[in-house]
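*Asks:* In the working numbering, the protein residues as written are 16 to 249.
C-beta atoms are modelled at their ideal positions from N, C-alpha and C, and glycine is treated no differently.
1) Can you look up residue 244 in the DSSP assignment and give me helix, strand or coil?
2) Apart from the five residues just before and just after residue 122, which ones in its own chain have a Cβ nearer than 7 Å to its Cβ?
3) What residue does the beta strand (DSSP E) around residue 233 start on, and which one ends it?
4) Taking just the CA atoms, how far does residue 233 sit from residue 196?
5) Looking at residue 243 and residue 206, is the spacing between their C-beta atoms short of 7 Å?
6) What are the complete alpha helix (DSSP H) segments, minimum 4 residues, inside the segment 37–61?
7) Report the rounded CA-to-CA distance for residue 47 versus residue 201, giving the unit in angstroms.
8) With DSSP as the reference, label residue 203 as helix, strand or coil.
9) Relative to the C-alpha of residue 238, which residue among 163, 41, 94 and 76 is closest?
10) Distance check for residue 83 and residue 37, CA to CA, integer angstroms please.
11) For a quick check, are the C-beta atoms of residue 247 and residue 203 less than 7 Å apart?
12) Find the nearest neighbour of residue 114 within the set 69, 40 and 155, judged by alpha-carbon distance.
13) Express the C-alpha separation of residue 94 and residue 65 in angstroms, rounding to a whole number.
14) Go through its chain and collect everything with a Cβ distance to residue 227's Cβ below 8 Å, but skip five positions before and after it.
15) What's the C-alpha gap between residue 235 and residue 198?
16) Going by alpha carbons, who is nearest to residue 59 out of 73, 71 and 88?
Here it is in structure tokens:
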């Protein structure tokens with residue numbers, strides 16, 4: 016399958032007023048604005064609007080236009096292949112599937128950061144008791160610390176094939192109960208201890224279960240060093 020030469024999520028996610036942080040950000044905006052189907056992107060329409068934005072970027076000498084030009088070239092390539100004989104269809108499908116996959120992942124990660132920012136910003140400093148010791152003021156991990164810890168594990172998780180469909184349903188309620196069972200055994204676990212080794216679907220649902228327990232005030236998060244985090248029971 017062809018790979019689109021775009022930056023990783025954490026390089027893209029820097030939103031500025033009236034400016035799109037990267038090509039995926041712009042594409043997602045165009046799709047959501049017109050309520051288009053992300054699984055069946057109308058390439059001709061999107062390509063035209065995307066090129067119009069890129070042309071305005073060039074006229075204004077805006078930074079980062081190179082990344083947008085690469086994405087524009089990819090869109091034009093998909094559009095051109097759609098007009099060619101059937102022997103070129105397989106490559107077109109590969110490019111479309113890869114583009115859709117990256118858009119879905121980008122949309123998901125952007126939502127993760129938005130949710131984390133809202134939930135954790137309200138709980139920047141907390142008090143907790145551990146082992147009968149006095150209450151200690153602790154600086155919580157930032158939303159981006161938790162998001163990046165999650166992203167590291169998603170990179171390690173097996174990459175499913177595009178057509179792969181899970182036959183097992185993983186519910187949020189089940190993963191909340193699973194996490195709570197860990198904290199019946201101990202008051203503190205590292206993020207990697209809890210989430211490492213899970214398949215991608217289970218990892219995603221477990222991560223949202225963790226967010227829900229943080230939102231409910233049952234767990235808190237603090238830095239552990241070396242890119243890991245401590246998850247503690249309140």
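*Replies:* Looking at the atomic coordinates:
1) Residue 244 sits at position 229 when you count from the first residue of the chain shown. Residue 244 falls in the strand class under three-state DSSP.
2) Taking the chain shown and counting its residues from 1, the one referred to as residue 122 is at position 107. Non-local beta-carbon contacts of residue 122 in its own chain, meaning distances under 7 Å to residues more than five positions away in sequence, involve 43 in chain order.
3) Counted from its first residue, the chain shown places residue 233 at position 218. No beta strand (DSSP E) holds residue 233; DSSP gives it neither H nor E.
4) The residue you call residue 196 lines up with position 181 of the chain shown. The residue you call residue 233 lines up with position 218 of the chain shown. Computed Cα separation, rounded: 13 Å.
5) For this step, residue 206 is matched to residue 191 along the chain shown. For this step, residue 243 is matched to residue 228 along the chain shown. Residue 243 is positioned such that its CB atom lies closer than 7 Å to that of residue 206.
6) Fully enclosed alpha helix (DSSP H) runs of 4 or longer: 38–48.
7) By one-based count along the chain shown, residue 47 stands at place 32. By one-based count along the chain shown, residue 201 stands at place 186. Across the structure, residue 47 and residue 201 are spaced so that their CA atoms are roughly 44 Å apart.
8) The residue labelled residue 203 in the question sits at position 188 within the chain shown. DSSP places residue 203 in the strand class (E or B) of the three-state scheme.
9) Numbered from 1 along the chain shown, position 223 holds the residue referred to as residue 238. When only C-alpha atoms are compared, the closest one is 163.
10) The sequence position of residue 37 within the chain shown is 22, counting from 1. The sequence position of residue 83 within the chain shown is 68, counting from 1. Looking at the two C-alpha atoms, the distance is approximately 7 Å.
11) Residue numbering aside, residue 247 sits at position 232 when the chain shown is read from its first letter. Residue numbering aside, residue 203 sits at position 188 when the chain shown is read from its first letter. It is a contact, given that the beta carbons lie within the stated cut-off.
12) Mapped onto the chain shown, residue 114 falls at position 99. Minimum Cα distance to residue 114 is reached at 40.
13) For the purposes of this step, residue 65 is taken as the residue at position 50 of the chain shown. For the purposes of this step, residue 94 is taken as the residue at position 79 of the chain shown. For residue 65 and residue 94, the distance between alpha carbons rounds to 13 Å.
14) Residue numbering aside, residue 227 sits at position 212 when the chain shown is read from its first letter. Close CB contacts of residue 227 within its chain, under the 8 Å cut and outside five residues either way in sequence, are with 187 and 191 (chain order).
15) In the chain shown, residue 235 corresponds to position 220, counting from 1. In the chain shown, residue 198 corresponds to position 183, counting from 1. For residue 235 and residue 198, the distance between alpha carbons rounds to 12 Å.
16) Walking along the chain shown from the start, residue 59 turns up at place 44. Checking every option, the nearest Cα to that of residue 59 belongs to 88.
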